[in-house]
Amino acid sequence: MIKQKWRIPATQGLGFKLSKGQVVRVTDVEGEQVADFVAYHANNLDERLDPGVTLDALSTTNVKPGDILYATTYKPMLTIVSDTVGRHDFINAACRSEMYEVLYDKQNHASCYHNLNQAIAEFHIPAPVQHYPFNLFMNTVIHPTGEISVERPLSKAGDYIELRAEMDLIVAVSACPCVESVCNGFVCTPIDVEIL
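Going by numbering that gives the first Met the number 0, the sequence shown runs without a break in its numbering and finishes at 195.
If you want it as structure tokens, here you go:
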């Protein structure tokens with residue numbers, strides 16, 4: 000049963016509350032679209048979803064149903080309930096306008112950093128220096144040489160991931176606005192978010 004549902008337009012963001020025990024489903028509507036996902040403990044904003052801590056606790060970059068995503072304090076924050084893709088990213092920071100200047104020589108580009116800041120501002124959360132999201136559907140490959148490359152997402156239209164909140168959360172999601180690389184298959188499309 001769906002309690003709430005939103006469609007995030009391409010290149011935009013969304014903020015919402017997720018109560019302990021609730022499940023959020025994030026769906027790639029058309030396929031090959033990355034969604035940057037950040038979460039804060041609703042009662043302690045110093046505790047936020049931490050990709051580095053999660054990598055340390057899980058000892059893998061390939062998460063699967065049953066795996067826990069951890070907060071900065073190593074407390075369980077979210078549990079993966081189901082996942083039809085199996086490839087996401089913990090390594091890359093949120094894109095920001097300065098990144099587009101450096102990598103693509105583009106000024107004032109839309110960014111996940113800006114989208115996430117707008118989404119959390121509604122809940123009076125100050126903008127961090129940078130966001131380090133769980134990048135849903137992002138296909139980052141670490142090669143044996145140590146080289147890192149971002150490849151086309153493996154997600155197809157309708158693919159999704161479901162996450163159960165292990166504490167009361169404030170969540171923000173950005174439909175990544177990068178059209179300059181294969182990150183989103185060179186086109187930006189919407190993301191659906193449902194609380195189940």
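Just so it is clear, CB atoms sit at the ideal spot from N, CA and C, and this is done for glycine as well. These figures come from a predicted structure and were not determined experimentally.
Element boundaries [alpha helix (DSSP H), containing residue i]
i: GLY51; result: 50 to 57
i: HIS113; result: 111 to 120
i: MET0; result: Segment: none, MET0 is in no alpha helix (DSSP H) and carries neither H nor E.
Buried/exposed call for residue i, threshold 16 Cβ in 10 Å
i: GLU121; result: exposed
i: ASP158; result: buried
i: ASN61; result: exposed
i: GLN11; result: buried
i: GLY128; result: Per the sequence presented here, residue 128 reads as Val, with Gly not at that position. Exposed, because fewer than 16 other Cβ atoms sit within 10 Å of the Cβ of VAL128.
i: GLY20; result: exposed
Beta-carbon contacts of residue i that lie in its chain and below 6 Å, excluding the five residues immediately before and after
i: VAL22; result: VAL80, GLU161, ARG163 and LEU195
i: LYS2; result: ILE194
i: PHE36; result: PRO132, PHE133, LEU135 and VAL172
Under the three-state DSSP convention, the category residue i falls into
i: VAL128; result: coil
i: SER205; result: Look at the range of the chain in this structure, 0 to 195, and you will see that residue 205 is not part of it.
i: ASN183; result: helix
i: VAL178; result: coil
i: VAL62; result: coil
i: LEU102; result: helix
i: VAL192; result: strand
i: ASP88; result: strand
i: GLU146; result: coil
i: VAL28; result: coil
i: ARG163; result: strand
i: SER18; result: coil
i: ALA171; result: strand
i: ALA70; result: strand
7 Å CB neighbourhood of residue i in its chain, flanking five on each side removed
i: SER18; result: ALA164 and ASP167
i: PRO64; result: ILE79, VAL80, SER81 and ASP82
i: GLU31; result: ARG151, PRO152, SER154, ASN183 and GLY184
i: TYR69; result: ASP49, VAL52, THR53, ALA56, PRO75 and MET76
i: TYR73; result: VAL52 and ALA56
i: ILE124; result: TYR39, LEU44 and ILE169
i: CYS177; result: CYS94 and ASN183
i: GLU100; result: GLN106
The beta strand (DSSP E) enclosing residue i, as first and last residue numbers
i: SER81; result: 75 to 82
i: ASN138; result: 138 to 141
i: LEU44; result: 43 to 47
i: HIS40; result: 34 to 40
i: ASN134; result: 133 to 135
i: LEU153; result: Per DSSP, LEU153 belongs to no beta strand (DSSP E) and is neither H nor E.
Contact set for residue i: own chain, Cβ-Cβ below 8 Å, skip 5 residues either direction
i: PRO8; result: ALA174 and PRO189
i: SER148; result: THR139, VAL140 and HIS142
i: ALA34; result: ILE7, VAL25, ASP27, ASN134, LEU135, PHE136, VAL172, SER173, ALA174, CYS175 and ILE190
Open item on the list: Between the region 179 to 188 and the region 141 to 153, can you find at least three pairs of beta-carbon atoms closer than 8 Å?
Closed with: With a cut-off of 8 Å on Cβ pairs, the region 141 to 153 is in contact with the region 179 to 188, counting three or more such pairs.
Task: Validate contact between the region 105 to 113 and the region 85 to 94 using beta carbons, cut 8 Å, 3 pairs - done: Result yes; three or more Cβ-Cβ pairs closer than 8 Å.
Open item on the list: Tell me whether the region 47 to 59 and the region 95 to 106 touch, counting them as touching only if at least three CB pairs, one residue from each stretch, are closer than 8 Å.
Closed with: Counting Cβ pairs under 8 Å, fewer than three are found: no touch.
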